[in-house]
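For the sequence shown, the numbering used here assigns the number 1 to the initial residue and increments by one for each residue that follows. We put the beta carbon where it would ideally sit given N, CA and C, even for glycine. A quick write-up on the structure given underneath.
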Amino acid sequence: MNIKNTLSLLLLVSGLAACGGSSDTEEPTPVDGGGDTPLAMLPDAFLEFEPDNVTSVIDGANVIIETNGLPNHTSPYWSTTHPLYIEPVATTIDRLVPGTIDRFVGTYTLTVLGNPQRATTSSATSLGGIGIAVSGSLIYNDQEGGNQPLDNAVAGLDYNGAHTGPTSYHYHLEPKAITDDDSNLVGIIADGFFIFGRKCNSTGTYPNDLDDSGGHTSITQHHTEATYHYHIQNELYLNTYYILFPGDYQGTPNAIR
Ligand SMILES: [Zn+2]
Ligand SMILES: [Zn+2]
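Okay, structure coming up:
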């Protein structure tokens, strides 16, 4: 064999390997077994997050989620000149809290395990962001700042159960633009578990096996194996609303910075 033919053979062989042909040196495909195992690929639920607002990247066993905090849907909290501005329907102009969404462009970063595990004990949420919704905006718990109960702020919440301040637009209640009595993916909580609407895709109806945090383990539209996740609990608040996440973290949360 002359040199030219040898080179051609080498190129052919390397080309086959690059196309996925079997070879003795091929690395075994990592298995997403949980804990510190590096992720082979981004869990597909992350593909539902608004790409204009949210980026999600793998970092070893972690996923780093970064958002600008803006929602991808209409709200009376946009400035009146913004294309997504609508007049209030669930509240009134005089009840809106100060500050339009446009003013709150920021950078909010959450790092979670790609395969989060439940902690041995649950832990309370605190004020500020406790999760990131698929829209790009932040999820808050059932408390308001300044020792105010959420009841005092409900009149100013838009149809997504959201308002602005202190650093971003954020949801307290079932966000109707994302989920309205269905099993849609709502977002991710700071302990790495996903949260879905009031119904579970595994049964098509309200789960009856939820823990105190609205969590249970089943398949979802994004998990072919039974996986722990949260739901918005189908329990009325003030006879009208559903609180987005009033419970404790069942995993180990990271701060949203
Ligand atoms: Zn609030
Ligand atoms: Zn479920």
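- Around L150, the same chain offers D142, Q143, E144, H172 as residues with beta carbons nearer than 7 Å, after the five sequence neighbours per side are excluded.
- Per DSSP, reduced to three states, the secondary structure at G131 is strand.
- Between T109 and E66 a beta carbon distance of about 5 Å is seen, short of the 8 Å cut, so the two are scored as contacting.
- With respect to the 8 Å criterion, G69 and P38 are not classified as neighbours on the basis of their beta carbons.
- In the displayed model, E48 falls within a helix according to three-state DSSP.
- In the three-state reduction of the DSSP assignment, L150 falls in the helix class, which pools H, G and I.
- Contact check between the region 114-134 and the region 241-249: three or more CB pairs, one atom from each, fall below 8 Å, which counts as touching.
- Within the same chain, S56 come within 6 Å of F46 by CB-CB distance, once the 5 residues on both sides are set aside.
- When DSSP assignments are scanned along the region 142-202, the uninterrupted stretches of beta strand (DSSP E) that are 3 or more residues long and fall wholly within it turn out to be 185-189, 194-196.
- In this structure Q233 is in contact with G214, their Cβ atoms being roughly 4 Å apart against a cut-off of 8 Å.
- With respect to Y228, F196 sits apart: the two C-beta atoms are not nearer than 8 Å.
- Nearest to L113 by alpha-carbon distance, out of P76, I64, Y159, is I64.
- Secondary structure at D102: helix, using DSSP grouped into helix, strand and coil.
- With respect to I189, V134 sits apart: the two C-beta atoms are not nearer than 8 Å.
- Bounds of the beta strand (DSSP E) holding H216 are 215-220.
- Assignment of beta-bridge partners to V54 by DSSP yields T67.
- A distance of 8 Å or more separates the beta carbons of D44 and S79.
- In the structure shown, D59 falls within a strand segment according to DSSP collapsed to helix, strand and coil.
- Closest in C-alpha terms to D180, from the list T240, L84, I58, comes T240.
- Boundaries of the beta strand (DSSP E) around V112: 108-113.
- Under the DSSP definition of a beta bridge, I243 partners with L173.
- For the pair S75 and A155, the CB atoms are not nearer than the 8 Å cut-off.
- L185 and Y242 have their C-alpha atoms some 16 Å from each other.
- Secondary structure note for T224: its beta strand (DSSP E) is the uninterrupted segment 223-231.
- Annotation for L42: S56, I58, V63 place their beta carbon closer than 7 Å to its own, counting only its chain and skipping 5 residues before and after.
- When DSSP reads this structure, L138 sits in a beta bridge with I132, H170.
- In this model, Y230 and L157 are separated by some 23 Å (Cα to Cα).
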